[in-house]
Amino acid sequence: MFESVPPVTYGGTERVVAYLTDTLVESGHDVTLIASGDSRTSARLIAATPRSLRLDDACQDPMAHHIREVELVAQLADRFDIIHFHTGFLHLPVARRLNTPSVTTLHGRLDIPDLFPLMDTFRDTPLVSISDAQRHPVAGVTWAGTVYHGLPPGLLPYQPTPGSYVVFLGRISPEKRPDRAIEIARRAGVELLIAAKVDAVDRDYFASTIAPLLTGPGVRFLGEIGESEKATLLGGAQALLFPIDWPEPFGMVVIEALACGTPVIAWNHGSVPELIDPGVTGWIVDSVDEAVTALRQIGGIDRRACRSVFEARFTAERMARDYVAIYQTLVGRPGAACVEALSA
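The numbering of the sequence shown is the working numbering, which starts it at 712 and goes up by one.
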């Protein structure tokens, strides 16, 4: 609800919910989406707020709206066969007390010590992980499955012929390591385009660490871009640089690149080994030296193979099928109607 579904620009969780919801509707399921009123969906939309909270200058306390959304879901729960939450942990006390079955997809990192007693308290709650790596810090909870994110096949077209640059796409933050991307590109002698948002919490990091690196040659900072610009930027890149320094739960931009046929050079953290096939869809590295070497041989990666792996493993249709199988297990019968409840 902090962002619309789908978001106007950056917003991985909301984008996943949009793709899942529309694909479920296309598959014949009766879906209700509870989100901000400026969301765009083929499902039945119930607006928990008139517009996304990030774009609402009048919003001073987002938590008040999130709590109201959870209560709205509880009031409507008996209408549905199953409720699918994408609201982090906020809804857990309410969901446990509903008569309607529910499942919760966790989109964030789970290695934070503060979460361990919370997860233990709600160990009976059915959860979905977005990678197997995301699960590793947590034991003894009820995992209903792992479901990788997926994209509509026609969203980002295959581009067989790249340009002369590499790209860093996503968010400027210490854990995403745009500074590594800049060093890799400069050492390899390849132009780097950076398309990324800067959240308020990361403005000091951007000003002190990243902005000084942008003054030299070979790097262009494009700022935050929209969905329509993403296909051109990713499709025209020789490679996506994904030099993360944290246990990334998934990494949406990785499969976006593969959809375009663009290989990925990524650090060996979090979900990366589950998403990239070394030598087929890119390279997994542990140092800047290895990344520079990988970039210099990136022309040996078959871009058609990148697209083929995307089509086999990371489409919205595959994601929806996986979720429907989980819904049916929890409901105990096929043909469930569902509600997607989102707050981010």
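The beta carbon of each residue, even a glycine, is placed where N, CA and C say it ideally should be. For clarity, every value in this text was computed on a predicted model and none was experimentally measured.
Nearest C-alpha to valine 965 among Asp956, Ser982, Cys1049: Ser982. In terms of Cβ geometry, glycine 861 and alanine 1031 form a close pair [threshold 9 Å]. Separation of the CB atoms of glycine 972 and arginine 1015 is rounded to 7 Å, and the pair is thereby assigned contact status at 8 Å. Per DSSP, the continuous beta strand (DSSP E) segment holding alanine 907 begins and ends at 902-908. Counting along the chain, serine 1019 sits inside the alpha helix (DSSP H) bounded by residues 1014-1024. For isoleucine 823, the closest C-alpha among the options Lys941, Asp1033, Pro958 is that of Pro958. Proline 864 and leucine 945 have their C-alpha atoms some 15 Å from each other.
In the structure shown, the three-state DSSP call for threonine 1040 is helix. Beta-bridge annotation (DSSP): valine 996 is paired with Trp978. Counting along the chain, glycine 881 sits inside the beta strand (DSSP E) bounded by residues 876-882. Scanning its chain for C-beta atoms nearer than 8 Å, with the 5 sequence neighbours on each side dropped, one finds around threonine 811 the residues Ala788, Asp789, Phe791, Asp792, Ile793, Ile794, in chain order.
Beta-bridge partners of glycine 937 (DSSP): none assigned. Less than 9 Å separates the beta-carbon of valine 878 from that of alanine 950.
Per DSSP, threonine 724 lies in no beta strand (DSSP E) segment; the continuous alpha helix (DSSP H) that holds it begins and ends at 723-737. Counting along the chain, the unbroken beta strand (DSSP E) around histidine 797 starts and ends at 793-797. For valine 814, the number of other beta carbons within 10 angstroms of its own is at least 16, and it is reported as buried. Around glutamine 870, the same chain offers Gly946, Gly947, Cys971, Gly972 as residues with beta carbons nearer than 7 Å, after the five sequence neighbours per side are excluded.
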